[in-house]
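Throughout the sequence shown, residue numbering follows this note's numbering, covering 86 to 501 in sequence.
Where is the CB? At the ideal position from N, CA and C, for every residue including glycine.
Source: prediction; values computed, not measured.
The structure under discussion appears below in the form of structure tokens.
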Amino acid sequence: MHLLPDENLLSDGEGIDGADLLDRIHAFARRFICYPSDMASIAHVLWIAHTHLMDAWFSSGRLAVLSPEPGSGKSRVLEITALLVPNPLLSVNSSAAYILRKVAYQENRPTILYDEIDTIFGPAARGNEDLRGMINAGYRRGAVVGRCNTERGKVQTVELDTYAAVAMGGLGNLPDTIMTRSVIIRMRKRAVGEKAEPLQPRIHEQEAGVLRDELADWASGIFSMAEMAKPEFPDVIVDRNADVWGPLFVVADLAGGHWPQLARQAAMDAVMSAKANERPSLGVQLLVDIRTCLGDADRITTAKLVEGLLADEEAPWGDLKGRKIDARKLAHMLRSYGIRSVTIRMPDGSTPKGYRRADFIDAWERYLPKSGSSATNATSATGHESPEKTGDSGVADDSPSPPCGVKGDDVADPES
């Protein structure tokens, strides 16, 4: 990491040993929380620390504490977080107007801790567009929402700042727009033998307050360095992941000790886990399934492609809002990726509508996960594809192999 102005201050903000301080906060939190992994506990501590330096960051990743079932410790994570962050606002059912006005007063910016967030983002949620917009947009400094107020009969426009640190607890998953902006901790019910110390506010708030005040003092001492720091990122931490984890890397680097290494390991674990659990969009899944249906073929008729997509009973193509995918819907979905059907010539002389493999290559390379075999196939298709032979009508005359293991007159025989 590049530090300004003095690298000798790496672990010394106002005389406080940052690494030791984070170690003590980590030990405190682990007394009350059964984390799903050691790396999750590291991410939590770094997120807590970064909230004390909000004016040093351009973006602040959300903390999403999720679980599949109630009683998994989500609320306890938020309760411990509230004891250690500046100006906590622990909420369950506050109105959007209330939270927006609290956040808009940036001189006393709160740290939002919103439990039961599934009531805001769940499938049955309604009427919380303002709050959803604030959580979405407010992770970057300078984001605002516009409002109109009427004063003495005149309409006046106002802009409300939305930049704030936000931690959320809830069941299931959140929208992708939130998940990609979040440090995600997936809590689980405690297993037999896992124990956590009961939280007694009257006793433990004072202990946490000492740590919080010390963290605030340390953050004040290293603020200018945090503001100018340029952390080094592992190769897998890019784009929005870099926005989310960058401030946490800076905190870890300024603390020193084992924290820089732990921070990057926690980030890589989180990013790889998110990729493993990533839910592709319907369009991306369509591209994946079409690649499977095509196999090694150069082209396929629209009818045979639709048949191949519907052959997978676990795929969504048999029930798109109550209707099966058909040629029209297929064409509509592929048009977004710049792919259109063409007229192809079959061995029997017929010229039905269909799709050419070459037209999918660019979309596959841009939107699908890279794999050795698919990358090889894509390269061969683009780099070594023989020119198409066309007749007077301009209709392509190639011979693909059968897709999806189904043979029929709609697929050209490569030996014919």
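| task | Go ahead and pull the three-state DSSP assignment for Gly-331. | result | helix
| request: Output the distance between the C-alpha atoms of Asp-102 and Ile-375, rounded to the nearest integer angstrom. | output: 56 Å
| query | So what's Lys-409 in DSSP terms, helix, strand or just coil? | reply | coil
| field | Cα-Cα separation between Gly-231 and Ile-197, rounded to whole angstroms | value | 20 Å
| field | Three-state secondary structure assigned by DSSP to Ser-465 | value | In this prediction, Ser-465 has a pLDDT of 37, which is less than 50 and means its spatial position is unreliable; what the coordinates show is noted afterwards. It is helical.
| field | Proximity winner among Ala-125, Phe-113, His-135 and Cys-119, relative to Asp-302 (alpha-carbon distances) | value | His-135
| When the distance is taken between beta carbons, is Val-162 closer than 7 Å to Ile-133? | no
| message | Can you tell me whether Glu-164 is buried or exposed? The criterion is at least 16 other CB atoms within 10 Å of its CB, across all chains shown. | response | buried
| Residues near Gly-238 in its chain [Cβ-Cβ closer than 7 Å; skip 5 each side] | none
| task | Use the C-beta contact count for Lys-389: other C-beta atoms within 10 angstroms, 16 or more gives buried, fewer gives exposed. | result | buried
| Is it buried or exposed for Phe-143, if we count other Cβ within 10 angstroms and need 16 for buried? | exposed
| request: For Tyr-440, write down the residues that DSSP places opposite it in a beta bridge. | output: Ile-385
| said: By DSSP's criteria, Gln-346 is part of a beta bridge. Which residues make up the other side? | reply: Per DSSP, none; premise fails for Gln-346.
| said: Could you pull the DSSP bridge partners for Cys-378 from this structure? | reply: DSSP output for Cys-378 lists no bridge partner at all.
| query | Which two residues bound the contiguous alpha helix (DSSP H) that contains Pro-286? | reply | 286-306
| message | Tell me whether the stretch 216-223 and the stretch 113-129 touch, counting them as touching only if at least three CB pairs, one residue from each stretch, are closer than 8 Å. | response | no
| Taking the DSSP output, what are the residues bridged to Gln-241? | Asn-234
| field | Inter-residue Cα distance where the pair is Ile-322 and Trp-344 | value | 17 Å
| Three-state secondary structure (DSSP) of Gln-268 | In the sequence on display, residue 268 carries Val and not Gln. Strand, per DSSP.
| Closest Cβ-Cβ distance between Glu-292 and chain B: below 7 Å? | Absence of chain B from the displayed structure is noted, only one protein chain being present.
| Nearest candidate by alpha-carbon position, reference Ile-270, set Ala-125, Ala-281, Leu-107 and Pro-286 | Ala-125
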